[in-house]
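Q:
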Amino acid sequence: MHEILKTEGLRKSYKNIRALNGLSITVRQGQIYGLLGPNGSGKTTTLGILLGVIKPDEGSFSWFENGQQDVNRINIGALLETPNFYPYLNAVDNLKIVAQIKSLDNVPERIESVLKRVDLWKRKTANFSTFSLGMKQRLAIASAILADPDVLVLDEPTNGLDPQGIAEIRSLILEIAKEGKTIIIASHILDEIEKMCTHVAILKSGELIKEGALDEIMLQDRVMRIGAADLIELKRIVDHLPHLTYLKTDGNDILILTDGDVSAAEVNQLIAENGVYLSTLSVYKKNLESMFLEIINK
Amino acid sequence: MKQLLTIEYLKLRKLRSLQIIFLIYAIISPVTIYAISSFITNFMGPFLPKDWSALQFPDVWSVAVYASSYFNVMMGILAVIVISNEYSYKTLRQHVIDGLSIKKAIIGKFFVFIAFSLIITLYTFLTGLFFGLFYSSGDATFLQGIESIGLYFIQTLCYFSFAFFIAVLLRRTAVSITLFILSFIAETIIGLSLSAAGYGVIYAYMPLNSFSKLTPFPILKEMIAAGQERSGNTPVILDTPINIAICFAYMLLFFLIAFFTLKRRDL
Numbered sequence: 000m001h002e003i004l005k006t007e008g009l010r011k012s013y014k015n016i017r018a019l020n021g022l023s024i025t026v027r028q029g030q031i032y033g034l035l036g037p038n039g040s041g042k043t044t045t046l047g048i049l050l051g052v053i054k055p056d057e058g059s060f061s062w063f064e065n066g067q068q069d070v071n072r073i074n075i076g077a078l079l080e081t082p083n084f085y086p087y088l089n090a091v092d093n094l095k096i097v098a099q100i101k102s103l104d105n106v107p108e109r110i111e112s113v114l115k116r117v118d119l120w121k122r123k124t125a126n127f128s129t130f131s132l133g134m135k136q137r138l139a140i141a142s143a144i145l146a147d148p149d150v151l152v153l154d155e156p157t158n159g160l161d162p163q164g165i166a167e168i169r170s171l172i173l174e175i176a177k178e179g180k181t182i183i184i185a186s187h188i189l190d191e192i193e194k195m196c197t198h199v200a201i202l203k204s205g206e207l208i209k210e211g212a213l214d215e216i217m218l219q220d221r222v223m224r225i226g227a228a229d230l231i232e233l234k235r236i237v238d239h240l241p242h243l244t245y246l247k248t249d250g251n252d253i254l255i256l257t258d259g260d261v262s263a264a265e266v267n268q269l270i271a272e273n274g275v276y277l278s279t280l281s282v283y284k285k286n287l288e289s290m291f292l293e294i295i296n297k
Numbered sequence: 000m001k002q003l004l005t006i007e008y009l010k011l012r013k014l015r016s017l018q019i020i021f022l023i024y025a026i027i028s029p030v031t032i033y034a035i036s037s038f039i040t041n042f043m044g045p046f047l048p049k050d051w052s053a054l055q056f057p058d059v060w061s062v063a064v065y066a067s068s069y070f071n072v073m074m075g076i077l078a079v080i081v082i083s084n085e086y087s088y089k090t091l092r093q094h095v096i097d098g099l100s101i102k103k104a105i106i107g108k109f110f111v112f113i114a115f116s117l118i119i120t121l122y123t124f125l126t127g128l129f130f131g132l133f134y135s136s137g138d139a140t141f142l143q144g145i146e147s148i149g150l151y152f153i154q155t156l157c158y159f160s161f162a163f164f165i166a167v168l169l170r171r172t173a174v175s176i177t178l179f180i181l182s183f184i185a186e187t188i189i190g191l192s193l194s195a196a197g198y199g200v201i202y203a204y205m206p207l208n209s210f211s212k213l214t215p216f217p218i219l220k221e222m223i224a225a226g227q228e229r230s231g232n233t234p235v236i237l238d239t240p241i242n243i244a245i246c247f248a249y250m251l252l253f254f255l256i257a258f259f260t261l262k263r264r265d266l
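First to last, the sequence lines map onto chains A and B. Residues in the first sequence are numbered from 0 upward in steps of one, following numbering that gives the first Met the number 0. Residues in the second sequence are numbered from 0 upward in steps of one, following numbering that gives the first Met the number 0.
(1) Applying a beta-carbon distance threshold of less than 7 Å, which residues of chain E neighbour residue 86 of chain B?
(2) What are the residues in the segment 67-100 of chain B lying within 7 Å of chain A by C-beta distance?
(3) Spell out whether any CB of chain A is found under 8 Å from the CB atom of residue 212 of chain B.
(4) With 8 Å as the C-beta to C-beta threshold (strictly closer), list the residues of the segment 84-117 of chain A near chain B in chain order.
(5) With DSSP as the reference, label residue 147 of chain A as helix, strand or coil.
(6) Residues of chain A with CB closer than 8 Å to the CB of residue 265 of chain B, please, in chain order.
(7) Whose C-beta lies closer than 8 Å to the C-beta of residue 178 of chain B among residues of the same chain, with five residues either side of it excluded?
(8) Since residue 196 of chain A and residue 213 of chain A are thought to touch, with beta carbons under 8 Å apart, how far apart are those beta carbons, to the nearest angstrom?
(9) If we count Cβ pairs, one from each stretch, closer than 8 Å, do we get three or more for the segment 123-133 of chain B versus the segment 59-70 of chain B?
(10) What separation, rounded to the nearest whole angstrom, lies between the Cα atoms of residue 79 of chain B and residue 154 of chain A?
(11) Specify, as a first and last residue, the run of the beta strand (DSSP E) that residue 188 of chain A falls within.
(12) Which partner residues of residue 209 of chain A appear in the DSSP bridge assignment?
(13) Give the straight-line distance between the Cα atoms of residue 216 of chain B and residue 110 of chain B, rounded to the nearest whole angstrom.
(14) Thinking C-alpha only, which one of B:259, B:208, B:228 and B:260 is nearest residue 245 of chain B?
(15) Is residue 74 of chain B buried or exposed, if buried means 16 or more other CB atoms sit within 10 Å of its CB?
(16) Given a cut-off of 8 Å, decide if residue 26 of chain A and residue 183 of chain A are closer than it, judged by their beta-carbon atoms.
(17) Which same chain residues, not among the five before or five after residue 108 of chain B, have their C-beta less than 6 Å away from its C-beta?
(18) Hey, could you find the ends of the beta strand (DSSP E) residue 15 of chain A is sitting in?
(19) Can you say whether residue 239 of chain A is buried or exposed, counting buried as having 16 or more other CB atoms within 10 angstroms of its CB?
(20) Excluding the 5 residues preceding and the 5 following residue 145 of chain B in the sequence, name in chain order all residues of the same chain whose CB lies nearer than 7 Å to its CB.
(21) With H, G and I counted as helix, E and B as strand and the rest as coil, what does DSSP make of residue 107 of chain B?
(22) What whole-angstrom Cβ distance do residue 240 of chain B and residue 199 of chain B have, given they're in contact under 8 Å?
(23) Can you list the residues of chain A that residue 6 of chain B reaches, using a CB-CB cut of under 8 Å?
(24) Just to make sure I have the definition right: I need the residues of chain B whose C-beta is within less than 7 Å of the C-beta of residue 79 of chain A. Which are they?
(25) Kindly provide the ranges of any beta strand (DSSP E) runs that are 3 or more residues long and lie completely inside the segment 47-108 of chain B, ordered along the chain.
(26) Please tell me whether residue 156 of chain B and residue 116 of chain B are closer than 8 Å, where the distance is taken between their beta carbons.
(27) Whose Cβ in chain B lies nearer than 9 Å to the Cβ of residue 70 of chain A?
(28) How is residue 178 of chain A classed by DSSP in three states: helix, strand or coil?
(29) Does residue 47 of chain A come out as helix, strand or coil in the three-state DSSP assignment?
(30) Could you tell me which uninterrupted beta strand (DSSP E) segments, each at least 3 residues in length, are contained entirely in the segment 53-87 of chain A, listed from first to last along the chain?
(31) Could you work out which residues of chain B lie near residue 73 of chain A, taking near to mean beta carbons separated by less than 7 Å?
(32) Using DSSP bridges, identify the partner residues of residue 225 of chain A.
(33) Can you tell which of B:220, B:105 and B:121 has its C-alpha closest to the C-alpha of residue 163 of chain B?
(34) Does the beta carbon of residue 108 of chain B sit closer than 8 Å to a beta carbon anywhere in chain A?
(35) Figure out for me which residue from B:171, B:120 and B:53 has the closest Cα to the Cα of residue 70 of chain B.
(36) For residue 2 of chain B, return the contacting residues in chain A, with the cut-off set at a CB-CB distance below 9 Å.
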């Protein structure tokens with residue numbers, strides 16, 4: 000897969016506050032890449048640098064293996080923080096400006112297509128200032144996809160949307176991803192990242208804590224759910240086995256933490272060798288939220 | 000160039016403050032030209048040179064540009080609004096995100112100011128031409144003294160560059176407009192204090208004074224001569240070519256500072 004974005008050692012400070020501390024990430028073609036982190040972790044600063052509106056103190060980045068040239072951004076559709084349009088212009092006029100900046104052809108057709116796609120066609124002549132927050136967000140997404148770019152960069156794309164709007168935007172993003180586009184999403188909404196992303200980078204206080212495929216990250220430090228007729232005996236055995244750690248009792252089962260090298264079959268064998276036969280054994284894939292909190296609170 | 004002009008046209012064509020300011024200019028500018036010409040004719044008779052007639056060629060040009068120059072502050076405020084809107088709506092930031100370079104964004108604004116300057120200069124020319132054709136009875140043609148119109152064009156661009164500089168530096172509309180207006184008052188106070196202390200030459204080289212001297216009061220030379228006779232004081236007035244060079248230098252300086260400020264600063 001082609002390298003779409005590569006950053007190396009990005010650093011940025013605001014007075015005495017270090018917003019970004021040597022961030023190095025790589026995003027490849029077709030990935031839905033989530034930038035995850037609590038408020039103030041450096042997500043927006045990262046995207047600001049990548050989109051040319053924040054100057055890094057150190058480090059470099061390259062889009063499409065073509066350096067930091069302004070022209071790279073023509074092929075990127077982006078929404079950073081809030082939707083930014085002229086309040087006294089309507090949706091069509093605002094999109095015409097974007098089309099001019101990106102030197103697009105077939106402008107009326109493109110505008111009609113994207114406005115229909117985000118369900119704003121009926122409000123095409125209404126001024127941006129009259130739009131609700133959700134409509135503004137949808138116009139920003141329409142603007143981001145106007146040029147049919149190879150990459151979408153979305154900062155908190157479902158901000159201000161109602162549950163139906165969130166679902167629509169999610170399905171729109173997934174639909175776009177199916178077209179082979181690369182999507183970079185920054186969010187602190189873990190559910191959003193978990194439902195959409197294939198890869199994540201977790202940031203904390205400007206530092207990269209973890210990066211990789213979402214499934215791999217969530218399976219690291221695996222948790223298993225095991226059950227047996229004699230739960231007390233099972234717990235006693237787990238406590239004595241070197242590669243297993245008892246976590247908690249959950250109904251008729253217990254949750255155990257295994258180190259990365261022990262497979263489910265080996266767990267079954269280890270416990271059987273100690274005279275207890277498992278009635279339940281399943282790999283308990285942690286949700287992103289518990290994994291995230293675990294990493295962030297380390 | 001066409002791309003940048005189209006972008007700016009799309010942005011500005013529905014901007015209400017622009018429409019209002021241009022409308023005010025279009026209505027009041029001819030009235031001001033007529034009022035100033037009447038004032039000079041009726042109240043400054045002793046200073047008037049022989050054959051001088053405010054609304055006839057060639058004198059109408061100097062009256063027209065002097066009267067119109069009063070609206071440069073208003074036009075400067077319009078420039079401040081146009082620039083600071085880009086900050087308050089965060090649209091400059093969005094344009095850069097969309098792929099526009101800072102250099103292109105600034106060149107686009109420069110084109111806007113050239114277009115504004117051309118429009119108001121053309122309007123002043125047409126107004127002067129109208130008065131001149133209506134009131135002239137002598138042999139002078141409309142081409143005589145028309146260089147004042149060229150100087151007025153340069154002057155408007157200079158004020159726009161200053162407004163651009165202030166707006167880029169301060170970013171907030173209200174603060175920028177306030178400082179833009181205050182800088183005229185501040186420079187006048189400083190300049191007059193320097194002149195009183197015998198450093199009038201410094202005042203002559205100060206930016207806003209240099210700009211205003213491109214379109215001086217129509218009978219300034221006669222008034223200076225009369226004042227000199229009475230008090231012995233001679234204000235420092237630079238030769239027009241030197242003044243033009245100074246104005247161009249300031250214009251370039253203001254645009255360059257604005258450019259490098261935008262280049263260095265986070266949006």
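Note that CB positions come from ideal geometry on N, CA and C, so glycine has one too.
A: Short version:
(1) Looking at the structure shown, chain E is missing, and the protein chains on hand are A and B.
(2) Listed in sequence order: 88, 89, 90, 92, 93, 94, 95, 96, 97, 98, 99 and 100.
(3) In the second sequence, residue 212 of chain B corresponds to position 213, counting from 1. Residue-level contact by beta carbon fails for residue 212 of chain B and chain A, as no gap is shorter than 8 Å.
(4) Correct list: 84, 85, 86, 87, 88, 92, 95, 96, 97, 99, 100, 101 and 102.
(5) Translated into positions along the first sequence, residue 147 of chain A becomes position 148. In this structure, residue 147 of chain A counts as coil in the three-state DSSP scheme.
(6) If you number the second sequence from 1, residue 265 of chain B lands on position 266. Close to residue 265 of chain B, with beta-carbon spacing below 8 Å, are these residues of chain A in chain order: 47, 52, 53 and 54.
(7) One-based indexing of the second sequence puts residue 178 of chain B at position 179. Closer than 8 Å at the Cβ level, and outside the excluded window around residue 178 of chain B, lie 165 and 169.
(8) Counting from one through the first sequence, the residue named residue 196 of chain A turns up at place 197. Counting from one through the first sequence, the residue named residue 213 of chain A turns up at place 214. Yes, residue 196 of chain A and residue 213 of chain A are in contact; Cβ-Cβ is about 6 Å, under 8 Å.
(9) Cβ pair count under 8 Å is three or more, so yes.
(10) To locate residue 79 of chain B, count along the second sequence from 1; it is residue 80. To locate residue 154 of chain A, count along the first sequence from 1; it is residue 155. Residue 79 of chain B and residue 154 of chain A: Cα-Cα distance of roughly 30 Å.
(11) Translated into the one-based positions of the first sequence, residue 188 of chain A becomes position 189. Following the DSSP letters along the chain, one finds residue 188 of chain A in no beta strand (DSSP E), marked with neither H nor E.
(12) As a working mapping, residue 209 of chain A is identified with position 210 in the first sequence. Its beta-bridge partners are A:201.
(13) Taking the first residue of the second sequence as 1, we reach residue 216 of chain B at position 217. Taking the first residue of the second sequence as 1, we reach residue 110 of chain B at position 111. Note on geometry: alpha-carbon atoms of residue 216 of chain B and residue 110 of chain B lie some 29 Å from one another.
(14) Mapped onto the second sequence, residue 245 of chain B falls at position 246. The candidate whose alpha carbon is nearest that of residue 245 of chain B is B:208.
(15) Here residue 74 of chain B is taken as the residue at index 75 of the second sequence, counted from 1. Buried, by the Cβ-count rule.
(16) Translated into positions along the first sequence, residue 183 of chain A becomes position 184. Translated into positions along the first sequence, residue 26 of chain A becomes position 27. In this structure, residue 26 of chain A lies closer than 8 Å to residue 183 of chain A by Cβ.
(17) On the second sequence, position 109 is the one that residue 108 of chain B refers to. So the list is empty, once near-sequence residues are dropped.
(18) Locating residue 15 of chain A in the first sequence gives position 16, counting from the first residue. Run containing residue 15 of chain A: none; DSSP gives neither H nor E here.
(19) As a first step, residue 239 of chain A is located in the first sequence; it is residue number 240 there, counting from the start. Per the 10 Å Cβ criterion, exposed.
(20) To locate residue 145 of chain B, count along the second sequence from 1; it is residue 146. The beta carbon of residue 145 of chain B lies closer than 7 Å to those of 60 in the same chain, with the five residues before and after it left out.
(21) Here residue 107 of chain B refers to the residue found at position 108 when the second sequence is read from its first residue. Reduced to three states, the DSSP call for residue 107 of chain B is helix.
(22) Position 241 of the second sequence, counting from 1, holds the residue named residue 240 of chain B. Position 200 of the second sequence, counting from 1, holds the residue named residue 199 of chain B. That belief does not hold up - the Cβ atoms of residue 240 of chain B and residue 199 of chain B are roughly 20 Å apart, past 8 Å.
(23) Start at 1 with the first residue of the second sequence, and residue 6 of chain B comes out as number 7. Here the neighbours are 96, 99 and 100.
(24) Here residue 79 of chain A refers to the residue found at position 80 of the first sequence. Going along chain B in sequence order, the residues near residue 79 of chain A (Cβ under 7 Å) are 96.
(25) Complete beta strand (DSSP E) runs here, min 3: none at all.
(26) Indexing the second sequence from 1 puts residue 156 of chain B at position 157. Indexing the second sequence from 1 puts residue 116 of chain B at position 117. Yes.
(27) Counting from one through the first sequence, the residue named residue 70 of chain A turns up at place 71. Residues of chain B passing the Cβ test: 98 and 100.
(28) The sequence position of residue 178 of chain A within the first sequence is 179, counting from 1. The answer is coil: DSSP assigns residue 178 of chain A none of H, G, I, E or B.
(29) The residue labelled residue 47 of chain A in the question sits at position 48 within the first sequence. DSSP places residue 47 of chain A in helix when its eight states are reduced to three.
(30) Fully enclosed beta strand (DSSP E) runs of 3 or longer: 57-62 and 75-78.
(31) To locate residue 73 of chain A, count along the first sequence from 1; it is residue 74. For residue 73 of chain A, the chain B residues whose Cβ falls inside 7 Å of its Cβ are 98, in order along the chain.
(32) Within the first sequence, residue 225 of chain A is the residue found at index 226, counting from 1. In the DSSP output, where bridge partners are listed per residue, residue 225 of chain A has A:253 and A:280.
(33) To locate residue 163 of chain B, count along the second sequence from 1; it is residue 164. When only C-alpha atoms are compared, the closest one is B:105.
(34) As a working note, residue 108 of chain B is residue 109 in the second sequence. At a cut-off of 8 Å, the C-beta of residue 108 of chain B has no neighbouring C-beta in chain A.
(35) For the purposes of this step, residue 70 of chain B is identified with residue 71 of the second sequence, where counting begins at 1. The residue with the shortest Cα to Cα distance from residue 70 of chain B is B:120.
(36) Locating residue 2 of chain B in the second sequence gives position 3, where the first residue counts as 1. Within 9 Å Cβ-Cβ: 99, 100 and 102.
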